[in-house]
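Beneath this line is the structure, given in structure tokens, with notes to follow.
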Amino acid sequence: MAVQNNFPSDAHIAKQITSALPGLVFVASVAGAAIALKSILAVPLLGPMVLAMLMGVALRNTLGGMDWAEGGIALAQRPLMRMGIVLLGLQLSLGQICQAGALVFIGIAVLLFATYYSTQFVGRALGVPAGLSRLIGAGTAVCGASAIMAVQGARPARSSDLAYAIACVTLFGTLSMLALPVAAMALGLDGAGYGLWAGAAIHEVGQVVGATNSYSVEAQHWGMMAKLSRVLLLAPLIVVLIRSAGAAVPTAGGKAPAPLPLFVAGFAAMMVLGSTVSLPDAVLTGAAHSSSFLLTMALGAMGLSTDIGALRREGLRPLLLGAFATVFVTLGALALVYIAG
291 MAVQNNFPSD AHIAKQITSA LPGLVFVASV AGAAIALKSI LAVPLLGPMV LAMLMGVALR
351 NTLGGMDWAE GGIALAQRPL MRMGIVLLGL QLSLGQICQA GALVFIGIAV LLFATYYSTQ
411 FVGRALGVPA GLSRLIGAGT AVCGASAIMA VQGARPARSS DLAYAIACVT LFGTLSMLAL
471 PVAAMALGLD GAGYGLWAGA AIHEVGQVVG ATNSYSVEAQ HWGMMAKLSR VLLLAPLIVV
531 LIRSAGAAVP TAGGKAPAPL PLFVAGFAAM MVLGSTVSLP DAVLTGAAHS SSFLLTMALG
591 AMGLSTDIGA LRREGLRPLL LGAFATVFVT LGALALVYIA G
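Each number in this note's numbering corresponds to the 1-based position in the sequence shown with 290 added.
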């Protein structure tokens, strides 16, 4: 009996890589330009990642659609970003993780579910469709577009709602990425306090890195710890959503989200490796530079995917809901910083 081969052929893989190459080169050029611009500008909080994001948004909304670059943009925005996050694990130690403690994780969990359900409540009051409210709430509360896609798989909404939610959450995450460092300096927060605030409040993992890497090394470490704690809570949120719909939680053969996303597991593995093995300085330096460039590419790709015009076409109410959710999670995260001391 013939065995069906479910793996893509070499020719198919080669075709995918070839189709993505123009977009990858374009995104890498945006990242390189952002790094060069940073060396010219004397603005401490405008790091290469933030600049790449802003350049991407400007290019997307002045040049319009970029169908020829979509494959490369998608590759940079997801797989390459996750590779950068995995390499970032070498810059953290287990001792730093232990500093956070159970109180911080519990506080982040409470804030996550409070953000999600308050967004549903306000969405109903504003007359925003339930599916769109669900997607905006999940993207704001957990981890941006990844959470939106996971929730869409568990409780499907309209395809137009999916596109709007991703654009909305990316936009407000970008605004948070720009505003929080300035606010943290005004409030006199140290690196740990600001990192916790950014990690618990900003939507996308890449945006958290972009918001903290120019503040301090300590801020970036705490930002990643807080943000990945939110990512770990995505699976419980999906289970709650499925149960609330009266459906059975998918078994191993279904499409339930993995309890531990692969890139989070990779990040943890790199952190353990860096904490237990004395690696050569050349390896650590190379990993740090590679991580920084991959994440700069990812933020540039995220900007290139942000269509501000699409937000205007859907009207004001969903945008107000996204603004409410962002303000809620931002103030809640700031309260957590002061509670945690």
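Note that the Cβ used here is the ideal one computed from N, Cα and C, for glycine as well.
For M373, collect the residues of the same chain with a Cβ closer than 6 Å to its Cβ; drop the 5 residues on either side in sequence, then sort them by chain order. L584
Q. For T352, does the count of other Cβ atoms within 10 angstroms reach 16, so buried, or fall short, so exposed?
A. exposed
Checklist entry - If you drop the 5 nearest sequence neighbours on each side, which residues of the same chain put their C-beta closer than 6 Å to that of L384? => result S565
Checklist line | CA-to-CA distance, S309 to V412, given in whole angstroms | finding: 42 Å
Comparing C-alpha positions only, which one of L531, V432, L569 sits nearest to L523? V432
Exercise. Around the Cβ of R424, are there at least 16 other Cβ atoms within 10 angstroms (buried) or fewer (exposed)?
Worked result: buried
In whole angstroms, what is the alpha-carbon distance linking F618 and V376? 29 Å
| field | Proximity to M371 [Cα-Cα], best of E604, G612, S581 | value | S581
Go ahead and pull the three-state DSSP assignment for M356. coil
Legend entry - Exposure label - Y628; buried when at least 16 CB within 10 Å: exposed
For this session: Measure the alpha-carbon distance for S329 versus L341 and round it to whole angstroms.
Result: 11 Å
Give me the Cα-Cα distance between T409 and G622, rounded to the nearest whole angstrom.
13 Å
Can you name, in chain order, every residue of its own chain whose Cβ lies under 6 Å from the Cβ of S506, other than the five neighbours on each side?
G481
**Asked** In terms of alpha-carbon separation, which member of A415, G485, G500, N503 lies closest to S519?
**Response** G485
Exercise for review: Kindly indicate which three-state DSSP category I398 falls into: helix, strand or coil?
Suggested key: helix
- Query: Short check: CB of L346 to CB of S568, under 9 Å?
  - Reply: One point to set straight first is that residue 346 is Gly, not Leu, in the sequence displayed. No. Outside cutoff.
Our contact map puts Q367 next to A588 with C-beta atoms below 8 Å; I'd like the distance itself, whole angstroms only. 6 Å
* Extent of the continuous alpha helix (DSSP H) to which P570 belongs -> Premise fails: P570 is in no alpha helix (DSSP H) and is neither H nor E.
Q | Cβ distance (whole Å) where L401 is taken to contact I598 below 8 Å | A | L401 to I598, Cβ: 28 Å. No contact.
So what's G544 in DSSP terms, helix, strand or just coil? Confidence at G544 is low in this model, with a pLDDT of 49, below 50, so the placement of that residue should be treated as unreliable; the coordinate-derived value is given next. G544: coil per DSSP, three-state reduction.
Grouping DSSP H, G and I as helix and E and B as strand, with all else coil, what is V333?
coil
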